[in-house]
Every structure is written in structure tokens, then in C-alpha cells.
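Participant: In this text, residue positions in the sequence shown follow my numbering: the first is 114, and each later residue adds one. This is the structure I have questions about; it appears just below.
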Amino acid sequence: MKVTIFGTGYVGLVTGVCLAEVGNDVVCIDVDQQKIDNLNQGLIPIYEPGLDNMVKENMAAGRVKFTTDIEMAVTHGTFQFIAVGTPPDEDGSADLQYVLAVAKSIAENMNEYRIVVDKSTVPVGTADKVKETMLSVQQARGVNIDFDVVSNPEFLKEGAAIDDFMKPDRIVVGTDNPRTAELLKALYAPFNRSYERVITMDVRSAELTKYAANAMLATKISFMNELSNLAELLGADIEQVRNGIGSDTRIGYSFIYPGCGYGGSCFPKDVKALEKTAQQVGYHAELLSAVENVNHRQKKVLIEKINKHYNGELKGKVFALWGLAFKPKTDDMREAPSRVVLEALIEAGAIVQAFDPEAMQEANRIYGDQEALKLMDSAEAAIKGADALAIVTEWKNFWSPDFEMIGNTLKDKVIFDGRNLYRPEQVNNYGLIYYSIGRQ
């Protein structure tokens, strides 16, 4: 099938290449000429395991092309996927200007039936706005060309996006047109072979489903972090509590790991956007507000532990920082807890020696050449000359370190672990002071 993808960011690029992988003829379009030039040279703008090879293989096979030519892109695909950014506006609502700009471009250039697929995470009612925008353009053109607008939200985890697309838990299709639903089922048939994964529903329910999923996962994280703070005060061990409740199949172990808060491009933005959507219809979503507030507070927990240990005297101290990305297997630092920690340390007069397996380039882009922030080549290099170690991302590289080396290297022999990677007694055996989340 012929498919056009508007946007070559995280969602657009993964969607386009995965659809090409199963034999579709895909054109990915972006307004950023430099990004398109880089993609045509095989340079991938994001880190996602396996994505670079998949892009190169499908380009070589002629199944995916990258362009800035809007007319060609609209002419190409029966399916027109909108996968552009929806950044938070000043009031926390999702900014739809890029989504609606794409809708306008499609309407200006289409000459036959098109299925417009909202892949971006958008508020309930966006499909209606896309439709209104396109009808307005058609009216101005003096044409009446048939089209459908579909909600088909993505459920991709950064670090596992290709597997999530190729082997999805579910494929949500929001449309009121049975014919369009069948066409989407045909497009997704290669990902739907072992059992029926397509769930069809009305458009607004599909739009809400995406926000509901992310808000539910964020709620589990914030709830566990709330419990972790209580456990510390009560003298309980949150890791033992986690095992105790996770064994209940109604709860499960996913997303109940305590830590120093969640980040990334989805959870913070989507919780705020859903809360704003509720406000717009006169409903106060108290739980969503609490989820956001708990997470905001939790990002400060590690720096509070550091300040308490040093009695607020951080000036001149050198901290090794392990982890910059908001989670493993990505280079994404948007809303990352690491940023709260390192910025607070630098503001207090400390020096930060940071290492991340993938996010070093992104950190350099964000912070540039700061004298107080040194980007190191390895976890071991980050520790050299440091007074203490802070861990904010649970990369596997950090799971089983050389504690003897750490104890011999850190001047103050102290670890602040924001992800509970180690057993306290294990670390203490090496003469190290160990602070973690929700444990004594």
C-alpha cells in the first residue's frame, strides 16, 4: 500500500520504517530540510535500538523515501499519517498548530480520496478540528473531495519502539466509517497475524484511550513513589513492599518501581494535557493533578538527600552522575530527572562529571560548554576525582559495578541511588554509605 508520513521525529520515523519493512511503499515528509538530507544519507536523528539498520535497509530496497515535497507526498499515499509534534502550550494544553498545518497542506494538495490518520498524541476532539480545517480549505479551493479522518494513536515505548510496532499489544482504530476501518485493518494485517489486535471504536474514544493509557502508567509510578516516601518514614523497605504487591496479578510488577520520578516526551506532557482537557469541560481531575505534583516533588528527592548528607554545603564538591537520559535505551533528555539533579548541583556550586551510554551528544546540545558540567567518556571516568556518586538512570551498564573500585575512588565514599539498583547491605560491605529510595 502507498503510505505518506508527515513528520520524521520519533513516532513518524518508526511508523514509516516499520510499515515499509512489511512491504508498503512509504514516503516520509518533513519541513526540516537538514533532517531530510541527513536521513537520505543514512543519518538518524534519534537513538532507538535497531532503527538505523532498518532505515538503511528499507532505503536500499526502495520502500521508504524522505522528502520535503508536500505535493508529491500528498499525491503519493492513500493513507496520510500525521505524526508531528504536539508540544505543551503555556497553559499545559497540547499545541495543535503543527497537526492542523499538516491537515491544511493535505487539503490543499489532494485530488482524490485520502484517509488522514492522526498518529500524534492529540486531545479529544482533534479529529473534528482536522476535518473542519480540511473542509474549509476545500471550500476555498471550490472542490469537494472525499476523505476520512481516523484516530490511530501510537503506543511505542522509547527503547523498544520497533518491537512495539512490529508486535503490538493492540492497534486502536477510531473511525465511524466501516469502510475506513477495513482499510486500516488491511494496512495493519502483517502485524496482526497470530491473533486479532485491531480494536475499533469511535474517534473520540480512540483519542482518549491514548491519554488514558499514559495517565494510568504515570499514576502507577507516582503512587509507588508516594509509598516510597512513606516507607522511609515508617522504617519499611519499599522494595519488599513492591514484591509483596506486585505478586498480585491485579497489580503486576510493571511500572511500580520506585525512583526519582518519570520524564520523557510523553508522560509529563500527556498528564498535563489530559488535566487541561478536563478543565475545559468543567471537570477538576484531582487524581491527575496529584500524579503530576507527586512526580514534580519526586524529582527533587535525590538532591534533598544529597543536601541533607552534606548539610547543604555542596560548593566545590565533585559529583559523578550516572545517567542523563530519562530512561535506558534512549538518548531523550526531555523532562529527565537528571536535569533537575545536575542543575541543582551546579546552582549550589558543585561540579558534575556525567556519563550516559547514549545521551552525551544530547546533553552537550542542551548545556553546551559549561565549566561546572564535564561530560565523561565512561562511568569509571566519571567517578575519578569525584566526592560522591549519584545514579539517575537504570542503564544495565550500571547494574553490577566494581564496588571495590568505587569505594577506593570516591573521596567521601557515598552513593545516592535514585533507581534502587543495589542491595544496601551489598554496598555497605565495601565501606560505602548508600542512600536509595524508600529504604533506610
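Every residue gets a Cβ at the ideal spot worked out from N, C-alpha and C, and that includes glycine. Keep in mind that this is a model prediction, so the values were computed, not measured.
Please report the distance separating the alpha-carbon of ILE459 from that of LEU427.
Facilitator: Going from the Cα of ILE459 to the Cα of LEU427 covers about 9 Å.
Participant: Rank ILE334, GLU517, GLN466 by C-alpha distance to the C-alpha of ALA403 and give the top, closest one.
Facilitator: Ranking ILE334, GLU517, GLN466 by Cα distance to ALA403 puts ILE334 first.
Participant: Can you look up PRO266 in the DSSP assignment and give me helix, strand or coil?
Facilitator: DSSP places PRO266 in coil when its eight states are reduced to three.
Participant: From GLY359, PHE529, MET489, pick the residue whose C-alpha is nearest to that of GLY563; which is it?
Facilitator: Outside the displayed span of the chain (114 to 553) sits residue 563, for which this structure offers no information.
Participant: For GLY287, which of helix, strand or coil comes out of DSSP?
Facilitator: Correct three-state label for GLY287: strand.
Participant: What is the DSSP secondary structure of GLN146, reduced to helix, strand or coil?
Facilitator: GLN146: helix per DSSP, three-state reduction.
Participant: Check whether the Cβ atoms of ALA328 and LEU434 sit closer than 8 Å, and answer yes or no.
Facilitator: No, Cβ-Cβ distance for ALA328 and LEU434 is not below 8 Å.
Participant: From what residue to what residue does the beta strand (DSSP E) around LYS115 run?
Facilitator: 115 to 119 is the extent of the beta strand (DSSP E) around LYS115.
Participant: Using the C-alpha atoms, what's the distance from VAL394 back to ILE118?
Facilitator: So the two alpha carbons sit approximately 32 Å from each other.
Participant: Please name the residue in ILE159, GLU161, VAL454, MET172 whose C-alpha comes closest to that of ASP138.
Facilitator: Among ILE159, GLU161, VAL454, MET172, the Cα nearest to that of ASP138 is on MET172.
Participant: Taking three-plus beta-carbon pairs below 8 Å as touching, is the segment 313 to 326 in contact with the segment 279 to 289?
Facilitator: As far as the Cβ criterion goes, the segment 313 to 326 touches the segment 279 to 289, which means the pair count is three or higher.
Participant: Pick out the complete beta strand (DSSP E) segments inside the segment 494 to 547, 3 residues or longer, and give them in chain order.
Facilitator: Taking only runs of at least 3 residues, the beta strand (DSSP E) segments lying wholly in the segment 494 to 547 are 501 to 504, 527 to 530.
Participant: Verify the contact flag: ASP444, CB atom, against every heavy atom of the ligand GDP, threshold strictly below 7 Å.
Facilitator: The ligand GDP is not part of the structure shown, which contains no ligands of any sort.
Participant: Give a yes or no on whether the C-beta atoms belonging to ASN557 and GLY374 are separated by under 8 Å.
Facilitator: Residue 557 lies beyond the stretch modelled for the chain, which goes from 114 to 553, so this question has no answer here.
Participant: Just to confirm, are GLU448 and GLY376 a CB contact at a threshold of 8 Å?
Facilitator: Yes, the Cβ-Cβ distance between GLU448 and GLY376 is below 8 Å.
Participant: Using beta-carbon positions only, say whether TYR480 and ASP383 come within less than 8 Å of one another.
Facilitator: Their beta carbons are not under 8 Å apart, which means TYR480 does not touch ASP383 by this criterion.
Participant: Nearest CA to the CA of ASN424: which residue from ALA485, MET167, ALA461?
Facilitator: Ranking the options by Cα distance to ASN424, first place goes to ALA461.
Participant: Looking only at its chain, what residues have a beta carbon closer than 7 Å to the beta carbon of ASN153, apart from the 5 residues adjacent to it on each side?
Facilitator: Excluding sequence neighbours, ASN153 sits near PHE179.
Participant: Count Cβ pairs between the segment 464 to 484 and the segment 503 to 515 that sit closer than 8 Å; are there 3 or more?
Facilitator: They touch, by the three-pair rule.
Participant: For ARG227, tell me which candidate among LEU156, LYS115, ASN166 has the shortest Cα-Cα distance.
Facilitator: The shortest C-alpha separation from ARG227 is found at LYS115.
Participant: Quick one, are the C-beta atoms of ILE219 and MET247 less than 8 Å apart?
Facilitator: Against a cut-off of 8 Å, the Cβ pair of MET247 and ILE219 comes out as a contact.
Participant: In its own chain, which residues sit with a C-beta less than 8 Å from the C-beta of ASP289, not counting the 5 before and 5 after it?
Facilitator: ASP315, VAL316, listed in sequence order.
Participant: How long is the line joining the alpha carbons of GLN392 and ASP204, rounded to whole angstroms?
Facilitator: Cα-Cα distance, rounded: 11 Å.
Participant: Could you check which residue in ARG176, ASP525, ALA438, VAL453 has the C-alpha nearest to that of MET473?
Facilitator: The option with the nearest alpha carbon to MET473 is ALA438.
Participant: Alpha carbon to alpha carbon, how far is GLN252 from ALA331? Give it in angstroms, no decimals.
Facilitator: Computed Cα separation, rounded: 42 Å.
Participant: Could you give the first and the last residue of the continuous alpha helix (DSSP H) run that contains LEU248?
Facilitator: 239 to 254 is the span of the alpha helix (DSSP H), which, as asked, contains LEU248.
Participant: Provide the residue span of the alpha helix (DSSP H) that contains LEU437, from first to last.
Facilitator: LEU437 -> no alpha helix (DSSP H), and no H or E assigned at all.
Participant: Rounded to the nearest angstrom, what separates ARG310 and ALA299 at their Cα positions?
Facilitator: Roughly 12 Å separates the two Cα atoms.
Participant: Are the CB atoms of PRO450 and GLY531 within a distance shorter than 8 Å?
Facilitator: Going by C-beta atoms, GLY531 is nearer than 8 Å to PRO450.
Participant: Enumerated in chain order, which unbroken segments of the beta strand (DSSP E) with a length of 3 residues or greater are wholly contained in the segment 315 to 372?
Facilitator: Listed in chain order, there is nothing to give.
Participant: Which residue or residues does DSSP assign as beta-bridge partners of CYS141?
Facilitator: According to DSSP, which records beta bridges pairwise, CYS141 is partnered with ILE118, PHE179.
Participant: Could you tell me which residues DSSP pairs with PRO201 in its beta bridges?
Facilitator: ALA207, per the DSSP bridge assignment.
Participant: What does the Cβ neighbour count give for TYR366, buried or exposed, with the cut at 16 atoms within 10 Å?
Facilitator: Under this definition TYR366 is an exposed residue.
Participant: Measure how close the beta-carbons of LEU486 and ASP500 come, nearest whole angstrom, since I'm counting them as under 8 Å.
Facilitator: Actually they do not touch by this definition, with Cβ atoms about 16 Å apart.
Participant: With a threshold of 8 Å on Cβ separation, who are the neighbours of ASN257 within its own chain once the five nearest residues in sequence on each side are excluded?
Facilitator: GLN251.
Participant: Under DSSP, the beta strand (DSSP E) around ASP231 begins and ends at which residues?
Facilitator: Unbroken beta strand (DSSP E) run through ASP231: 227 to 231.
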